[in-house]
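Just below is one structure, and these are the notes that go with it.
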Amino acid sequence: PCAAAETAPRPHRAICALAETLADALHELVPAQYDANVAALADVHRAWLLPGGLWTSGVVNLSSALPYHRDRNNFNAWSAMPVVRRGVRGGHLHFPELEVDGIPLVAPCADGDVLLFNGQHFMHGVTPLRYAMKDGYRYSCVYYPVRRFANCLEPAAELAHAQAQRTMLE
7 PCAAAETAPR PHRAICALAE TLADALHELV PAQYDANVAA LADVHRAWLL
57 PGGLWTSGVV NLSSALPYHR DRNNFNAWSA MPVVRRGVRG GHLHFPELEV
107 DGIPLVAPCA DGDVLLFNGQ HFMHGVTPLR YAMKDGYRYS CVYYPVRRFA
157 NCLEPAAELA HAQAQRTMLE
């Protein structure tokens with residue numbers, strides 16, 4: 007668990023519970039992709055996985071118009087991104103390399119939407135935000151599978167290794 011497990015236990019529990027709910031949704035909606043995510047993370051020790059077993063990591067973004075990027079450090083697997091918003095225009099997820107009937111693909115990210123997509127495979131970015139009200143906001147909580155976790159030992163062994171490295175350096 008991250009520091010939020012100690013500093014903000016209630017939101018941390020909610021974020022973890024949502025990871026499991028989203029994993030269940032992916033299993034129901036796209037079972038072949040769910041199986042592909044599970045297979046991609048097969049070498050990751052269970053202790054490093056969020057509830058639901060599909061992601062190792064997550065980030066909560068507040069009103070962030072993120073630049074275009076690919077999630078290069080991730081497994082070739084799908085991420086999940088629920089969005090909660092109020093009083094903000096824009097903030098949609100744009101996939102500049104994808105088109106539908108010749109029109110660039112822009113996922114609207116309405117309040118309560120969840121996007122499931124491969125952030126490593128598809129370039130994506132958030133369109134500019136325009137505030138329609140003073141206290142407007144756009145939260146996105148992105149769950150994703152970081153590839154380097156496949157190299158991690160179980161947590162106690164990682165801690166012992168880190169402590170030994172620190173002692174050696176000192």
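One gets our numbering by counting positions in the sequence shown from 1 and adding 6 to each.
From the three backbone atoms N, C-alpha and C, an ideal C-beta is built for every residue, glycine too.
(Q) Can you look up F128 in the DSSP assignment and give me helix, strand or coil? (A) If DSSP states are grouped into helix, strand and coil, F128 belongs with coil.
Q: Report the option in L55, Y40, D41 whose CA atom is closest to the CA atom of P161.
A: Across the set L55, Y40, D41, the C-alpha of L55 shows the shortest separation from the C-alpha of P161.
Q. Would you call the region 102-112 and the region 33-42 touching, i.e. three or more CB-CB distances under 8 Å?
A. The region 102-112, when compared against the region 33-42, does not touch it at the 8 Å Cβ threshold.
Q) For P15, does the count of other Cβ atoms within 10 angstroms reach 16, so buried, or fall short, so exposed? A) Within a 10 Å sphere around the beta-carbon of P15 sit fewer than 16 other beta-carbons, which makes this residue exposed.
**Q.** Endpoints, beta strand (DSSP E) assigned at Y145
**A.** Segment 143-150, the beta strand (DSSP E) holding Y145.
Q) Between G118, R172, P37, R144, which lies nearest to L24 when the distance is taken from Cα to Cα? A) For L24, the nearest C-alpha among the options comes from G118.
Q) With distances taken between CB atoms, is the gap from V90 to Y137 smaller than 9 Å? A) For V90 and Y137, no; Cβs fall outside 9 Å.
Q. Where D37 and A86 are concerned, what is the direct C-alpha to C-alpha distance, given to the nearest angstrom?
A. According to the sequence displayed, residue 37 carries Pro and not Asp. CA-to-CA, the gap between P37 and A86 works out to about 15 Å.
**Q.** Whole-angstrom C-beta distance between T62 and V50, which should lie under 8 Å
**A.** At roughly 6 Å, the Cβ-Cβ gap stays under 8 Å, so V50 and T62 are in contact.
(Q) In the DSSP assignment, the beta strand (DSSP E) including V36 goes from what residue to what residue? (A) It is not in any beta strand (DSSP E) - V36 carries neither H nor E in the DSSP assignment.
(Q) Give me the DSSP bridge partner(s) of G64. (A) Paired residues: Y149.
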